[in-house]
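Undergrad:
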Amino acid sequence: MLRKVAPDLADPGTTALQEDALADIAAGRAALAAFMQVQVDATREFSRTLLEGKLTEAELVLHACPACGGARCVQRTSKAGSMYHRCLDCEAAFGDDGGKPGKRFEDRPAGDGGQKISSAGAAGPKCPSCKKPTFKNETKTGKAYYRCGACKGAWWPDRKDEGKLGGKWEGRLELGRRT
């Protein structure tokens with residue numbers, strides 16, 4: 000939403016100009032009050048745009064979520080300008096397939112051992128930590144496991160009942176914490 004209100008804020012050129020202005024202030028070549036007034040004026044304009052509701056979609060279309068079955072899957076635009084879908088209930092993300100949710104994305108770092116989403120991709124039991132639905136995945140060797148898209152936890156299926164969570168997968172690397 001911020002990109003719609005203030006596309007200049009996402010522009011590296013704007014950041015460079017602000018850094019130059021701050022350097023001038025630090026060197027005593029410019030006044031802090033003038034810099035701050037420009038920032039206040041810009042913030043007022045961004046706020047006015049938000050309050051006038053110019054950013055709301057005229058017609059928000061909700062689709063059924065293929066992962067959890069909820070009816071709050073909305074279409075979004077990525078930073079790169081590509082369309083995708085995200086469920087507001089389970090936070091699963093899907094590629095765009097002609098305006099509807101397509102193949103599911105999995106948030107994971109590159110080179111994580113080749114785990115992939117199973118073709119089923121169905122919602123599994125609720126996560127014991129955050130209570131959101133897990134989804135069934137498959138390792139590169141074909142072993143099934145459950146993963147929570149919200150807290151990134153992973154569990155092996157229960158040995159007696161595959162529809163339940165078993166032991167926590169301790170070998171799973173969490174996002175951003177590679178050792």
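All letters in the sequence shown, in the order written, are residues 0 to 178 by numbering that gives the first Met the number 0.
The beta-carbon is built from N, C-alpha and C at its ideal position, and this holds for glycine as well.
(1) For Gly113, which residues in the same chain have their Cβ closer than 6 Å to its Cβ, ignoring the five residues on either side in sequence?
(2) Would you please state the rounded distance, in angstroms, between the beta carbons of Phe104 and Ala92? I believe it to be under 8 Å.
(3) Cα separation between Ala63 and Gly69?
(4) Just checking my contact of Ala20 with Phe34 at CB under 8 Å: how many whole Å lie between their CB atoms?
(5) Is it buried or exposed for Arg43, if we count other Cβ within 10 angstroms and need 16 for buried?
(6) Suppose the cutoff is 6 Å on Cβ atoms and the five residues either side in sequence are ignored; what does the same chain contact list for Pro65 look like?
(7) Could you check if Leu50 is buried or exposed, using at least 16 other CB atoms within 10 Å of its CB as the buried criterion?
(8) Flag Arg71 as yes if its beta-carbon sits less than 7 Å from any beta-carbon of chain C, otherwise no.
(9) Cutting at 7 Å between CB atoms, please list the residues of its own chain near Gly94, excluding the five before and the five after it.
(10) Tell me which residue opens and which closes the alpha helix (DSSP H) that Phe104 is part of.
(11) Just checking Asp23 against the ligand GTP - is the residue's beta carbon closer than 6 Å to any of the ligand's heavy atoms?
(12) Can you give me the C-alpha to C-alpha distance between Cys86 and Arg71, rounded to a whole angstrom?
(13) What is the residue span of the beta strand (DSSP E) that Arg158 lies within?
TA: In short, the structure shows the following:
(1) Its pLDDT being 43, under 50, Gly113 is placed unreliably in this model, and the value from its coordinates should be taken loosely. Excluding residues within five positions, the ones whose Cβ falls inside 6 Å are Lys139.
(2) The beta-carbon distance between Phe104 and Ala92, rounded to whole angstroms, is 4 Å. This is short enough to meet the 8 Å contact definition.
(3) Inter-residue distance for Ala63 and Gly69 is about 6 Å (C-alpha atoms, whole angstroms).
(4) Yes, Ala20 and Phe34 are in contact; Cβ-Cβ is about 5 Å, under 8 Å.
(5) Classification of Arg43: exposed, given that the 10 Å Cβ count is below 16.
(6) Spatial neighbours of Pro65 in its own chain (CB-CB distance under 6 Å, excluding positions within 5 residues in sequence) are listed in chain order as Pro100.
(7) Result: exposed.
(8) Of the protein chains in the structure, only one exists, and it is not chain C.
(9) Close CB contacts of Gly94 within its chain, under the 7 Å cut and outside five residues either way in sequence, are with Tyr83, Gly101, Lys102 and Phe104 (chain order).
(10) That residue, Phe104, is in no alpha helix (DSSP H); it is neither H nor E in DSSP.
(11) Only the bare structure without any ligand can be found here, which leaves the ligand GTP out of the picture.
(12) Here the C-alpha atom of Cys86 lies approximately 6 Å from the C-alpha atom of Arg71.
(13) Going by DSSP, Arg158 is part of no beta strand (DSSP E) at all; its letter is neither H nor E.
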